[in-house]
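Line by line, the protein sequences give chains E and Z. The opening position of the first sequence corresponds to residue 0 in numbering that gives the first Met the number 0, with each subsequent residue numbered one higher. The opening position of the second sequence corresponds to residue 0 in numbering that gives the first Met the number 0, with each subsequent residue numbered one higher. Note that CB positions come from ideal geometry on N, CA and C, so glycine has one too. The structure displayed is predicted, hence computed values, not measured ones. Notes for the one structure printed next.
Number of protein chains: 2
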Amino acid sequence: MDYVMRPIGVIHSPFTEKKETPIQPSRSKAIGRVELYPQFADGLQDIEGLSHLILIYVFHRASEYSLLVTPFLDDQLRGLFATRYPCRPNPIGLSIVRFISRDVNEFEVEGIDVLDGTPLLDIKPYMPEFDIRHNVSAGWYETRKKL
Amino acid sequence: MDYVMRPIGVIHSPFTEKKETPIQPSRSKAIGRVELYPQFADGLQDIEGLSHLILIYVFHRASEYSLLVTPFLDDQLRGLFATRYPCRPNPIGLSIVRFISRDVNEFEVEGIDVLDGTPLLDIKPYMPEFDIRHNVSAGWYETRKKL
């Protein structure tokens, strides 16, 4: 069964070319602007109290996927699902960003790593109790050759 | 523009009714089984080295959304996007689980919190450098009345 996703807004960023985008938001200080379509503005209530948000979006300029890929930070083929590579069967991306300020249906964030015009699917609060895990092994990423 | 998502597999869990599911995977020790459709099995290479995974899936039994909701852990109306409430414009869920073991196109995980039969859209590695943030404020969640 297929599921149809309809964007709730658009992410504006300084990046218009794929090669410009940071590899991950944790490595970016770039400022972005998240614009919700006006009919969703009420859903942003209480967002000012949150320091970090999870943006869920479409990798709208990703090409066809392969099940084995060479990650940006590695030099060997890895299973796609063990990587954050953007070309995926369902091209859904996820970025954790720092909330700065809101103006009705728009808000500014720090640490954006997506292309300008990225279609936004969802926003979730980043919550330490749910989202921080300890004793984590990152597998290939810990022994990779590139930094 | 709409985006069509087609599940890559299905999540099996002990939970068949919404009221049974844990509120978050961080509060669950339940074991689940993630079954990828066989054509995606090669994408699981290198997954054994990862201790934690992010599962992205459809809240397939969520009902219509409201932009203001009372979270399970609170007693006041909150903006939907400041909560993890399952009924959303795009009903995409996200759970961080602990990887246990893999058998070809299936793997077991600990800390599952979804309904049995949940359609799986993507799997990403949970990586401390990308996914752990410090100095986080969780807003309403920190001052809520329920635990």
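I'd like to know whether the C-beta of residue i is nearer than 8 Å to at least one C-beta of chain Z.
| i | result |
| --- | --- |
| Ile111 of chain E | no |
| Asp74 of chain E | no |
| His51 of chain E | yes |
| Lys17 of chain E | no |
| Val108 of chain E | no |
| Asn134 of chain E | yes |
| Pro13 of chain E | no |
| Phe80 of chain E | yes |
| Ile95 of chain E | yes |
Take the Cβ of residue i as the centre, count every other Cβ of all protein chains shown within 10 Å, and call the residue buried at 16 or more, exposed below.
| i | result |
| --- | --- |
| Asp112 of chain E | buried |
| Pro13 of chain E | exposed |
| Lys123 of chain Z | buried |
| Gly162 of chain E | Residue 162 of chain E lies beyond the range of chain E shown here (0 to 146); nothing can be said about it. |
| Ser27 of chain E | buried |
| Arg97 of chain E | buried |
| Asp1 of chain E | exposed |
| Pro6 of chain E | buried |
| Pro37 of chain Z | exposed |
| Val68 of chain E | buried |
| Asp102 of chain Z | exposed |
At the 8 Å Cβ level, is residue i part of the contact set with chain E, yes or no?
| i | result |
| --- | --- |
| Pro37 of chain Z | no |
| Leu54 of chain Z | no |
| Val28 of chain Z | Rather than Val, the amino acid found at residue 28 of chain Z in this sequence is Lys. So no, Lys28 of chain Z is outside the interface. |
| Thr117 of chain Z | no |
| Asp114 of chain Z | A small fix is needed here, since residue 114 of chain Z is Leu in this sequence, not Asp. Taking Cβ atoms only, chain E never reaches closer than 8 Å to Leu114 of chain Z, which makes this a no. |
| Gly31 of chain Z | no |
| Val9 of chain Z | no |
| Ser62 of chain Z | no |
| Val103 of chain Z | no |
| Pro21 of chain Z | no |
| Thr69 of chain Z | no |
| Pro85 of chain Z | no |
| Arg143 of chain Z | no |
| Ile99 of chain Z | no |
Let me check understanding here. Comparing Cα to Cα, which of the options lies closest to residue i?
| i | options | result |
| --- | --- | --- |
| Glu141 of chain Z | Z:Asp102, Z:Leu72, Z:Phe106 | Z:Leu72 |
| Pro88 of chain E | E:Val3, E:Ile46, E:Tyr64 | E:Tyr64 |
| Ala61 of chain E | E:Asn134, E:Trp139, E:Ile91 | E:Ile91 |
| Thr15 of chain Z | Z:Leu114, Z:Val9, Z:Asp41 | Z:Leu114 |
| Gly116 of chain Z | Z:Val68, Z:Ile55, Z:Arg143, Z:Ile10 | Z:Ile10 |
| Ser21 of chain Z | Z:Arg132, Z:Ser94, Z:Pro118, Z:Arg101 | Note that residue 21 of chain Z corresponds to Pro in the displayed sequence, not to Ser. Ranking Z:Arg132, Z:Ser94, Z:Pro118, Z:Arg101 by Cα distance to Pro21 of chain Z puts Z:Ser94 first. |
| Pro85 of chain E | E:Tyr56, E:Gln75, E:Val103 | E:Tyr56 |
| Ala81 of chain E | Z:Ile46, Z:Val103, Z:Arg132, Z:Phe39 | Z:Ile46 |
| Arg77 of chain Z | Z:Phe58, Z:Asp121, Z:Arg143 | Z:Arg143 |
| Trp139 of chain E | E:Asp130, E:Gln75, E:Pro118 | E:Gln75 |
| Val135 of chain Z | E:Pro70, E:Ser136, E:Ile131 | E:Ile131 |
| Ala137 of chain Z | Z:Arg83, Z:Gly8, Z:Ala29 | Z:Arg83 |
| Pro118 of chain Z | Z:Gln44, Z:Met4, Z:Gly8 | Z:Gly8 |
| Leu120 of chain E | E:Gln44, E:Phe39, E:Ile99 | E:Phe39 |
| Gln44 of chain E | Z:Leu66, Z:Phe58, Z:Glu19 | Z:Leu66 |
| Ile99 of chain Z | Z:Val3, Z:Ala29, Z:Phe58, Z:His133 | Z:Ala29 |
| Met4 of chain E | E:His59, E:Lys18, E:Lys17, E:Glu19 | E:His59 |
For residue i, verify whether its CB is less than 7 Å away from any heavy atom of the ligand NAD.
| i | result |
| --- | --- |
| Leu67 of chain Z | This structure lacks the ligand NAD; in fact it carries no ligand of any kind. |
>> If we require 3 or more residues per run, which beta strand (DSSP E) segments fall completely within the segment 68-146 of chain Z?
In response: As summarised for the segment 68-146 of chain Z, the continuous beta strand (DSSP E) elements at least 3 residues long and confined to that stretch are 91-102, 105-109, 117-124, given in chain order.
> For the segment 48-61 of chain E against the segment 119-134 of chain E, are there 3 or more C-beta pairs whose distance is under 8 Å?
Replying inline: yes
>> Can you confirm whether the segment 97-110 of chain E touches the segment 31-48 of chain E when touching is taken to mean that 3 or more C-beta pairs between the two stretches lie within less than 8 Å?
In response: yes
>> Please give me, in chain order, every unbroken run of the beta strand (DSSP E) with length at least 3 that falls completely inside the segment 8-35 of chain Z.
In response: 8-11, 30-35
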